[in-house]
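Asker:
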Amino acid sequence: MLIRKPKSYELKDNEATSRREYLNRREFMRDLSRAGVMAGAATLVPSGVSAAERGRKFTGLEAQQNFAPGEKPTPYEAVTTYNNFYEFGTGKDDPARNAHSLKPRPWTVEVGGHVEKPGAYDVDDLIRDSHLEDRLYRFRCVEAWSMVIPWVGIPLASLIERFSPTSKAKYVRFETLQDRDQMPGQRRRVINWPYVEGLTMAEATNPLTLMAVGLYGEVLPNQNGAPIRLVVPWKYGFKSIKSIVKIDFTDRQPFNSWQQLAPHEYGFYANVDPEVDHPRWSQARERRIGEFFRRETLPFNGYAEEVAQIYAGMNPKKLY
Ligand code: MTE
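Numbers given in our numbering equal positions in the sequence shown, counted from 1, plus 39.
(1) Helix, strand or coil for residue 126? Go by DSSP, reduced to three states.
(2) Quick one: any contact between the segment 156-175 and the segment 205-222, if contact means 3 or more CB pairs under 8 angstroms?
(3) What separation, rounded to the nearest whole angstrom, lies between the Cα atoms of residue 331 and residue 205?
(4) Excluding five sequence neighbours on each side, which residues of the same chain lie with their C-beta closer than 7 angstroms to the C-beta of residue 105?
(5) With DSSP as the reference, label residue 288 as helix, strand or coil.
(6) Can you grab the Cα-Cα spacing for the pair residue 109 / residue 186, in whole Å?
(7) For residue 357, which of helix, strand or coil comes out of DSSP?
(8) With distances taken Cα to Cα, identify the nearest neighbour of residue 346 among 308, 202 and 251.
(9) Does the segment 182-198 touch the segment 248-262, meaning 3 or more C-beta pairs lie closer than 8 angstroms?
(10) With a threshold of 8 angstroms on Cβ separation, who are the neighbours of residue 267 within its own chain once the five nearest residues in sequence on each side are excluded?
(11) Leaving out five residues on either side along the sequence, give the residues of the same chain with a beta carbon under 6 angstroms from the beta carbon of residue 295.
(12) Distance, Cα to Cα, residue 225 vs residue 231?
(13) Which residue from 317, 183 and 150 puts its Cα closest to that of residue 202?
(14) So residue 197 is in the alpha helix (DSSP H); what residue range does that whole segment cover?
(15) Nearest by alpha-carbon distance to residue 197: which of 247, 273 and 142 is it?
(16) Tell me the start and end of each unbroken beta strand (DSSP E) in the segment 267-345 that is at least 3 residues and wholly inside, in chain order.
(17) Cα separation between residue 354 and residue 184?
(18) Go ahead and label residue 120 buried or exposed: buried means 16 or more other beta carbons lie within 10 angstroms of its beta carbon, across all protein chains shown.
(19) Check whether the Cβ atoms of residue 363 and residue 311 sit closer than 9 angstroms, and answer yes or no.
(20) Is the Cβ-Cβ distance between residue 171 and residue 97 less than 9 angstroms?
(21) Is any non-hydrogen atom of ligand 2 found closer than 8 angstroms to the C-beta of residue 169, if you look at the structure I gave you?
(22) Of all the options 314, 181 and 207, which has the alpha carbon lying nearest to the alpha carbon of residue 356?
(23) Given this structure, state the Cα-to-Cα distance separating residue 277 from residue 99, to the nearest angstrom.
(24) In its own chain, which residues sit with a C-beta less than 8 angstroms from the C-beta of residue 304, not counting the 5 before and 5 after it?
(25) Measuring CB to CB, does residue 154 end up less than 9 angstroms from residue 288?
(26) Please indicate yes or no: does the CB of residue 281 lie closer than 8 angstroms to some heavy atom of ligand 1?
(27) Hey, out of 126, 221 and 208, whose CA is closest to residue 152's CA?
(28) What residues are listed by DSSP as bridge partners for residue 186?
(29) State the beta-bridge partners of residue 105 as determined by DSSP.
Structure follows, in C-alpha cells:
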C-alpha cells in the first residue's frame, strides 16, 4: 500500500483539526466501527473535501495490486485538482474549488430493476460488508490526457453478486446525484442531468471493474466522485461515473450522457483504442499528466489481456 508523504501545502499538526475534535464526529465514529476507516495524521487535502472527511484513511488494506507496473503514480495533488466533474463547473480546477458543497454522507445508493435484492443501500454498509482493494490503474480521458491512480475500491462483480440480478439483466445503468444546491454546475444545462452511464453485464462483472471509494489510501475527495464512483480502466474516463445514487439492472442498452450530447462523437462502449480517432482529434497518443512528451496510447489502455475477449467478433469501430 502507498503511504502518502505530507506535502508543503498541508497544514502543520498544530493548525489542523485536533484529533479529539475529529474523533467526536458522530459519522466518523460510525464509520470507524463499521468500515475499518480511521484517522490518519491530520492532513489537509487541497480542497473540495469536507472537514469531516479530511485525512481519513482506510485501514486493513492488503498489499497494493499493481495494474500499471513500471509506472509512477500521478501525484495526489494533480489527481485531486485536475478533474472533469461538470456538476461543479467545466474548468479542470472548478471541481476542486467548488465540490465542498457536496455532502457525501449519509449517502444512499438505490438499487433496482431486474434484481432479486433491490433496495436502498447505505454506502457505509456497502463498504463495511466488502473487501476493499488497493489497485494502481492507468486512467485515460477521451480528451487525450492520462494519469496513474491508486484507487481504493470494491470490485463491482462482488456487489452485483450481492444484489442477485435475474437473467433479464443485460446491462447496468448508473446515475449521479441530481441536486442543484449540492452541485451548483447543474444550474446550467451543459448536460442532461443527471449524468448517466452504463455497462454490459460482462463489462460490469469483469474483475477489473471497480466501485472506488478512495484514492491514495484515503476516503475519496468530493471532486473525484465521493462517496462512490465507477472506475473502468480500459474505457475512456467519461464512463467512470461519479457520485452514484442509482444502479439499475436493465434489458436495454443505457443511453449515456455523452452519447445524448454528441452521438456522432461518443459511443456506448468507449473502449480506449489508439486506432479509432475521435472525430476532432487523434487518439493515437496521450499526455500523461506531469510528463512533457506525449506517449503512445495502448489498445484497451493496456488491459487487452484482461478484457479483449468480451468484444470477440465485434467491429472495433463500433466499440468507440
Ligand atoms: N461523472 C459525473 N457525474 N460528471 C462528470 O462530469 N466526468 C467524466 C468522469 N465521470 C464526469 C463523471 C470524465 S469526462 C472523466 S475524464 C472522469 O470522470 C474524470 O475523473 P477524475 O476527475 O477523477 O480524474
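Cβ atoms here follow ideal geometry from the backbone N, Cα and C, with glycine treated the same way.
Answerer: To lay it out plainly:
(1) For residue 126, the three-state secondary structure derived from DSSP is helix.
(2) Contact between the segment 156-175 and the segment 205-222 is absent, because fewer than three Cβ pairs lie under 8 angstroms.
(3) 49 angstroms
(4) 175
(5) Strand.
(6) 13 angstroms
(7) helix
(8) 308
(9) yes
(10) 146, 148, 162, 165, 250, 251, 252, 259, 282 and 283
(11) 235, 236 and 237
(12) 9 angstroms
(13) If we check each option's Cα against that of residue 202, 150 comes out closest.
(14) 195-202
(15) Closest option to residue 197, judged by alpha-carbon separation, among 247, 273 and 142: 247.
(16) Fully enclosed beta strand (DSSP E) runs of 3 or longer: 268-270, 283-289 and 324-327.
(17) 25 angstroms
(18) Per the 10 Å Cβ criterion, buried.
(19) In the structure displayed, the chain extends from 40 to 359; residue 363 sits before or after that span and is not available.
(20) yes
(21) Ligands present in the displayed structure are limited to ligand 1, and ligand 2 is not among them.
(22) 314
(23) 30 angstroms
(24) 297, 317, 318 and 319
(25) Yes, they are a contact pair.
(26) Within the cutoff, so yes.
(27) 208
(28) Paired residues: 178.
(29) 175
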